[in-house]
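In full-length UniProt numbering, the protein residues as written are 1 to 489. So the structure is just underneath, and the comments pick up after that.
And the structure:
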């Protein structure tokens, strides 16, 4: 058998570690040939003048999920995955979110059904864990890990979601024993609550005070505390959506000490500041997320964290809410900062923003771009080499980027269901013109070709931080023996 289902010709191929010119032969959804020149396929795409990159992997996005405030995301699995595909992403990892009183197996079953019916690209799942009951810790989590959900997120803030330190230790212990990775939203809830109380007492309720309430020190303290909990058990931890210098310095220091600490950041911390929230009326609500955008110095620190490897992942943290009473503004024009649904849309713009400012702007190489947007995500969550790279045997997930194409981001350009982008008016250079998922052309020059429900669930393997931690001989550790012995009794 020599015929390919699809051949991508004449492109400049880039992976996280290499750059070369090659034709790519695709059969049955897989990359089966990488050669300078290949025979024709049943269908050919000419990639001349374009970069051929791995399809993006966005490992932090909220889709068809009820927030801790009880607000449903604007995007279901159809609109979210369509939007992701138009931005060059071929795999997403959203969250099957447990709310207190709900059992994890039912949460995952319901979320799986929604995704299977609507997704147009591939997807895996994280869990959000808010109710770590004995049954959840002893039975449900181990069962779900074995089914391919090998990462879960815990919160240190939001009253409806947060866990105490002892509960987080319980979750870390299960993850360590069963082979999973814990992700943490690190902000000090009491600090935020105290500031909010005093702001409200003095009548400071405009959206701009959201950034005041979520003070940088609240993030810095919680980051240090989360790392301390993970170090107590000598187990891996991922800090999500890192936004400021002190938290980054704490992560970098822990990494230097040999702790298995990893971290991500997001577009809002490179391209927005607290000044964007300081707008008349409630307009600033469009830019409210947690942690909030900071200042120019924080942006510089985040860029440096990406450049030196402290921050290994560039995710969207897509948390989409419409700018109306169903989303951001439950009380209309009278909505206070405390009532605003937290989160920004970002699935579609994540990669174009970084390509333009990073690659075209000369801050990062094309290989670093691939690592930050695809390969590191797949590696972190046990999907490499199936996803996140261009190699024989990998899924044929590709994005053909025109590095010369300039696009002005507008609300109307987006394919999500949010109605606005916080980056409206910004011009980017570099755009994904053809997007391929498992050999299927999903997007071609602005036209969607994929069917609703054509995406597939991806069981995740052992997360790379867990594999590395297990490969390293751990010294005798009295604290570890406490929970190990308790489990075997």
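Every residue gets a Cβ at the ideal spot worked out from N, C-alpha and C, and that includes glycine.
Extent of the continuous alpha helix (DSSP H) to which residue i belongs
i, result
"residue 351", "350-354"
"residue 189", "189-201"
"residue 305", "296-308"
"residue 108", "104-118"
"residue 276", "Taken as a continuous stretch (DSSP letters only), residue 276 belongs to no alpha helix (DSSP H), as it is neither H nor E."
"residue 491", "With the chain represented from 1 up to 489, any question about residue 491 goes unanswered, as that position is not in the structure."
Endpoints, the beta strand (DSSP E) within which residue i is located
i, result
"residue 20", "19-27"
"residue 402", "398-408"
"residue 376", "Segment 376-380 is the alpha helix (DSSP H) holding residue 376; no beta strand (DSSP E) there."
"residue 440", "440-444"
"residue 95", "95-97"
"residue 14", "6-14"
"residue 329", "Note, residue 329: premise wrong, no beta strand (DSSP E); not H, not E."
"residue 263", "261-265"
"residue 32", "30-35"
"residue 127", "126-128"
Separation of residue j from residue i, as counted between CA atoms
i, j, result
"residue 356", "residue 103", "43 Å"
"residue 389", "residue 46", "20 Å"
"residue 296", "residue 409", "22 Å"
"residue 263", "residue 221", "16 Å"
"residue 143", "residue 391", "32 Å"
"residue 339", "residue 190", "18 Å"
"residue 259", "residue 169", "16 Å"
"residue 27", "residue 466", "33 Å"
"residue 403", "residue 164", "47 Å"
"residue 141", "residue 79", "29 Å"
"residue 270", "residue 315", "12 Å"
Coarse secondary structure for residue i, derived from DSSP in three states
i, result
"residue 210", "helix"
"residue 225", "helix"
"residue 388", "coil"
"residue 256", "helix"
"residue 472", "coil"
"residue 153", "strand"
"residue 185", "strand"
"residue 233", "helix"
"residue 429", "strand"
"residue 134", "helix"
"residue 63", "coil"
"residue 423", "coil"
"residue 246", "helix"
"residue 173", "helix"
"residue 56", "strand"
"residue 359", "helix"
"residue 436", "strand"
Whether residue i touches residue j by CB criterion (8 Å)
i, j, result
"residue 267", "residue 154", "no"
"residue 452", "residue 63", "no"
"residue 430", "residue 352", "yes"
"residue 61", "residue 416", "no"
"residue 312", "residue 376", "yes"
"residue 228", "residue 282", "no"
"residue 137", "residue 174", "yes"
"residue 44", "residue 81", "no"
"residue 293", "residue 273", "yes"
"residue 569", "residue 224", "Only positions 1 to 489 of the chain appear in the structure, and residue 569 is not among them; the question remains open."
"residue 130", "residue 98", "yes"
"residue 398", "residue 52", "yes"
"residue 145", "residue 109", "no"
"residue 261", "residue 301", "no"
"residue 41", "residue 5", "yes"
Below-8 Å beta-carbon distance, residue i vs any chain B residue
i, result
"residue 435", "Reference to chain B is not applicable here, since this structure consists of a single protein chain."
Any non-hydrogen atom of the ligand ATP closer than 7 Å to residue i Cβ
i, result
"residue 120", "Here there are no bound small molecules, and the ligand ATP is not part of this structure."
Segment contact, 8 Å Cβ cut-off, at least three pairs: the region 53-62 with the region 325-339: No, the region 53-62 is not in contact with the region 325-339.
Stretch pair the region 334-350 + the region 409-424: three plus CB contacts closer than 8 Å: The answer is yes - the region 409-424 touches the region 334-350, with three or more Cβ pairs under 8 Å.
Cβ contact check for the region 283-292 and the region 434-451: 3 or more pairs under 8 Å: The region 283-292 and the region 434-451 do not touch, with fewer than 3 CB-CB distances between them shorter than 8 Å.
Touching by the beta-carbon criterion (3+ pairs, under 8 Å), the region 225-234 and the region 203-213: A contact between stretches requires three or more CB pairs, one per stretch, nearer than 8 Å, and the region 225-234 fails this requirement with the region 203-213.
Cβ contact (3+ pairs, closer than 8 Å) linking the region 453-463 and the region 113-133: Enough Cβ pairs lie closer than 8 Å, so yes.
Sufficient close CB pairs (3 or more, under 8 Å) joining the region 181-200 to the region 237-246: Yes, the region 181-200 touches the region 237-246.
Cβ pair count under 8 Å reaching 3, the region 369-383 against the region 18-27: No, the region 369-383 is not in contact with the region 18-27.
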